[in-house]
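Novice: Just so you know, the protein sequences line up as chains A and B, in that order.
If you want the working numbering, it's the position in the first sequence, counting the first as 1, plus 1.
If you want the working numbering, it's the position in the second sequence, counting the first as 1, plus 32.
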Amino acid sequence: MTKLASKPVGEKLSRAGRLDLLLVADMVEARSRVLDVGCGDGSLLRLLSEERGVDARGIELSQKGVNDCVAKGLSVIQGDADTDLADYPDDAFDYVILSQTLQATLHPRKVLEHMLRIGLHAIVSFPNFGHWRIRFQVAARGRMPITDNLALPWYDTPNIHFCTIRDFVSLVDEIGAKIERGVALDHFGTPLQLNLPWWVWNLFGEQGVFRLTRVK
Amino acid sequence: MNIFPFNRTGSRGQDVPQSLVAHFGADQPLKVDAGVLLSPLTVAYQTYGSLNAQKSNAILVCHALTGDQHVANTHPVTGKPGWWETMVGPGRPIDTDRYYVISSNVVGGCMGTTGPSSINPATGRAYGLDLPVITIKDMVRAQAMLIDHLGIDTLCCVVGGSMGGMQVLQWAASYPERVFAAMPIATAARRSSQNIAFHEVGRQAIMADPDWCKGRYLDEGRQPTKGLAVARMAAHITYMSDEALQRKFGRKLQDRVAPTFSFDADFQIENYLRHQGSSFVDRFDANSYLYVTRACDYFDLAEDYGGSLALAFKGSKTRFCVVSFNSDWLYPTAASRAIVHALNAGGASVSFVDIETERGHDAFLLDVPDFIATTRGFLEAAARARGIPPAPGGSDEL
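1) Measuring alpha carbon to alpha carbon, tell me which residue in A:126, A:154, A:196 is nearest residue 208 of chain A.
2) Taking residue 386 of chain B as the query, report the chain A residues whose CB atoms sit under 7 Å from its CB, ordered along the chain.
3) Under 9 Å Cβ-Cβ, which residues of chain B neighbour residue 1 of chain A?
4) Just mark residue 132 of chain B as buried or exposed, buried being the case when its beta carbon has 16 or more other beta carbons within 10 Å.
5) Which of helix, strand or coil does DSSP assign to residue 159 of chain B?
6) Give a yes or no on whether 7 Å exceeds the smallest Cβ distance from residue 123 of chain A to chain B.
7) At the 7 Å Cβ level, is residue 15 of chain B part of the contact set with chain A, yes or no?
8) Output, in sequence order along the chain, the residues in the region 133-150 of chain B whose CB is closer than 8 Å to any CB in chain A.
9) How many angstroms separate the CA atom of residue 197 of chain B from the CA atom of residue 26 of chain A?
10) Using the Cα positions of residue 83 of chain A and residue 210 of chain A, report the straight-line distance between them to the nearest angstrom.
11) In chain order, what residues of the region 76-104 of chain A put their CB closer than 9 Å to some CB of chain B?
12) State the DSSP-derived secondary structure class of residue 397 of chain B, mapped to helix, strand or coil.
13) Threshold first: 3 residues or longer. Then list the beta strand (DSSP E) segments lying entirely within the region 14-62 of chain A, N to C.
14) Report the partner residues of residue 122 of chain A according to the DSSP bridge assignment.
15) From the DSSP output, read off the bridge partner residues of residue 386 of chain B.
16) Out of B:361, B:373, B:367, which one is the CA nearest neighbour of residue 390 of chain B?
17) Taking the alpha-carbon positions, what's the residue 254 of chain B to residue 72 of chain B distance?
18) Which residues, in order along the region 393-425 of chain B, keep a beta-carbon less than 8 Å from a beta-carbon of chain A?
19) Got a sec: is the Cβ-Cβ distance from residue 197 of chain A to anything in chain B below 7 Å?
20) Among residues of its own chain, excluding the 5 on either side of residue 200 of chain B, which ones have a beta-carbon nearer than 7 Å to its beta-carbon?
21) What residues in the region 56-69 of chain A bring their beta carbon closer than 7 Å to a beta carbon of chain C?
22) When you check each C-beta in the region 364-387 of chain B against every C-beta of chain A, which residues fall closer than 8 Å?
23) Considering just the uninterrupted stretch of the beta strand (DSSP E) at residue 214 of chain B, what are its terminal residues?
24) Would you kindly work out how many angstroms separate the C-alpha atoms of residue 48 of chain B and residue 144 of chain B, rounded to a whole number?
25) So which of B:99, B:74, B:211 has the shortest CA-CA distance to residue 195 of chain B?
26) What residue range is occupied by the uninterrupted alpha helix (DSSP H) comprising residue 321 of chain B?
27) One question on the structure: do residue 310 of chain B and residue 261 of chain B come within less than 7 Å of each other, judged by their Cβ atoms?
28) How many whole angstroms separate the CB atoms of residue 322 of chain B and residue 238 of chain B, which I take to be in contact at a CB cut-off of 8 Å?
29) Give the interface partners of residue 74 of chain A over in chain B, defined as CB-CB distance under 7 Å, in chain order.
30) Along the chain, where does the beta strand (DSSP E) that runs through residue 207 of chain B open and close?
31) Could you name the residues of chain B that residue 71 of chain A contacts, counting a contact when the two beta carbons are closer than 8 Å?
32) Hey, quick one: how far does the beta strand (DSSP E) through residue 56 of chain B stretch, first residue to last?
33) Taking three-plus beta-carbon pairs below 8 Å as touching, is the region 226-244 of chain B in contact with the region 381-401 of chain B?
34) Assign residue 279 of chain B to buried or exposed, taking buried as 16 or more other Cβ atoms, counted over all protein chains shown, within 10 Å of its Cβ.
35) Identify whether residue 333 of chain B lies in helix, strand or coil by the three-state DSSP scheme.
36) Look at residue 97 of chain A and residue 106 of chain A and say whether their C-beta atoms are less than 7 Å apart.
Pasting the structure below:
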């Protein structure tokens with residue numbers, strides 16, 4: 002973890018090395034049932050199943066990703082967060098994970114609601130659009146931001162529903178869920194201190210990672 | 033005009049099975065869904081590779097509607113390669129250096145397993161339509177008898193496409209503890225109305241042929257080849273996608289520069305279908321075609337579970353890999369998704385891949401690289417989990 006933390010979080014790192022995955026993994030209890038939505042090549046699922054004895058399942062859009070996962074012996078379904086979560090029964094999992102994908106969904110709110118219906122907990126990580134670099138690019142240059150994390154121009158990016166950490170927290174409130182744990186990572190992948198106020202997280206956090214649960 | 037000018041010799045696998053056979057006598061009748069006992073029962077099968085000492089490396093390959101047990105050897109009737117040599121053989125995904133591969137002809141078939149052209153012990157003549165109607169479940173029961181006969185408890189994997197996929201699903205539902213991994217390909221848990229309709233066209237074509245003789249053509253020394261060929265032609269259209277047909281044939285004319293203003297096979301597609309029809313009748317029995325299509329049509333796995341497909345797989349420990357092809361309109365991706373949905377709801381371990389190809393339903397028989405890779409990966413992972421060592425000289429590393 003320390004080795005990774007010294008590198009900047011960004012596209013140069015493989016998904017396997019992405020720091021938020023380790024943070025996400027940290028939020029999952031051993032031997033639980035996990036659904037990773039947008040599981041890529043299955044790195045997180047493999048980590049969870051091999052090191053934590055988790056019953057790990059996944060959904061992935063790309064054929065290559067699914068093939069990679071199937072070859073690793075993982076149970077992964079080719080599908081889409083927007084359309085295929087509806088097929089899962091209530092309470093099928095302990096954790097439903099959505100890593101770096103919320104901003105690319107058509108209906109983030111519905112996706113989040115399904116996650117909390119299918120799973121007892123939802124774990125979401127996303128790029129914070131409120132980060133000062135992004136604010137600076139929009140405010141000073143008047144252009145859509147391009148950063149290490151968000152490397153594609155506006156017309157090519159799959160990210161269609163950006164939000165800030167503050168926006169996300171409001172949405173969680175609106176759908177009647179509560180935040181159990183939250184971490185914001187700065188540009189260097191270091192978690193920001195927990196006792197800092199929200200506005201600091203929203204300004205200096207480049208990534209947000211949250212574990213949610215339903216409010217009974 | 034006779035568009036199918038061929039001579040039948042009447043010699044088929046039924047008469048002289050050119051594979052291994054297991055005989056089940058009066059003490060081991062097959063109790064079929066139609067409510068009678070079928071006895072004696074013969075099951076013709078092929079095996080490839082060798083069974084390991086733990087008997088843990090057996091893979092059962094289930095064939096499709098008109099397939100047979102000749103998966104990976106030269107076909108004794110047609111002289112063509114086995115129907116799944118892209119997938120089964122040394123170094124192939126279903127690696128015969130690693131696995132013990134078993135494939136049997138289905139009950140109701142015509143390549144050596146008891147079917148309508150087998151001799152009915154009660155009459156000394158071919159069964160014809162006196163054979164009880166066979167279901168997918170009956171086919172699977174007979175396969176289970178064969179697997180018992182071979183002394184195998186649990187199959188490492190049951191795999192098959194189309195009607196073979198239905199057998200895979202039935203295996204997983206009927207004998208969950210005997211199926212370590214299951215791979216239903218290009219299939220559905222039930223036949224749709226459109227599916228049944230196409231089969232009915234085929235059956236009516238056979239039964240409308242005067243040479244069918246109400247099913248007693250063998251006694252009469254005749255063969256309803258025209259009807260059977262038309263049945264095959266109609267079915268064959270459903271195995272290919274519109275894009276693939278367009279690309280392969282388009283509106284191209286057959287060996288001519290202009291239409292002949294006749295009903296000859298002016299178009300290449302007509303010629304192609306006629307060829308498919310006429311070559312089919314040399315290797316397949318018309319009554320068998322009635323039986324196997326009926327078996328498919330009756331298939332609705334959820335029916336035995338109060339209409340809930342999820343209940344069919346509830347608590348299953350089997351690892352599933354469901355595969356569909358995006359251009360398959362016979363068993364479209366949605367049909368596979370319905371299976372996946374049920375498996376998920378039943379809490380089973382399931383992977384699902386929708387392979388992008390324009391080759392339609394028949395893609396499962398063809399060399400489609402993504403499909404081959406998926407199969408290889410899934411089986412390797414299953415074999416690892418089951419502790420089956422890699423093939424000698426092969427590598428198990430990802």
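No residue lacks a Cβ here, since even glycine has one placed at the ideal position from N, Cα and C.
No experiment lies behind these values; they were computed from the predicted model shown.
Specialist: According to the structure data:
1) A:126
2) Near residue 386 of chain B (Cβ distances below 7 Å), the residues of chain A are 79.
3) The requested residue 1 of chain A does not occur in the structure, where chain A is confined to residues 2 to 217.
4) It counts as buried.
5) The DSSP-derived three-state label of residue 159 of chain B is coil.
6) no
7) This structure cannot settle anything about residue 15 of chain B, because the visible part of chain B is limited to 33 through 430.
8) none
9) 37 Å
10) 20 Å
11) 76, 77, 78, 79, 80, 85, 88, 89, 90, 93
12) Residue 397 of chain B carries a helical assignment under DSSP once its states are collapsed to helix, strand and coil.
13) 34-38, 56-61
14) A:96, A:214
15) B:356
16) B:361
17) 26 Å
18) Cβ contacts with chain A: 402, 405, 406, 408, 409, 410, 412, 413, 414, 416, 417.
19) no
20) Within the same chain, residue 200 of chain B has close Cβ partners 94, 190, 191, 192, 214, 215, 216.
21) No chain C appears in the structure shown, which is made up of the protein chains A and B.
22) Per Cβ criterion, the list reads 369, 372, 373, 376, 377, 379, 381, 382, 383, 384, 385, 386, 387.
23) 211-217
24) With a pLDDT of 49 at residue 48 of chain B, under the threshold of 50, the modelled position of that residue is not reliable, and no figure is offered here.
25) Comparing Cα-Cα distances from residue 195 of chain B to each of B:99, B:74, B:211, the minimum goes to B:99.
26) 318-330
27) yes
28) 6 Å
29) 413, 416, 417
30) Looking at the DSSP string, residue 207 of chain B is not in any beta strand (DSSP E), and its letter there is neither H nor E.
31) 353, 383, 385, 406, 409, 410, 413
32) Annotation for residue 56 of chain B: the continuous beta strand (DSSP E) segment containing it runs 52-56.
33) no
34) By the 10 Å Cβ count, residue 279 of chain B comes out exposed.
35) helix
36) no
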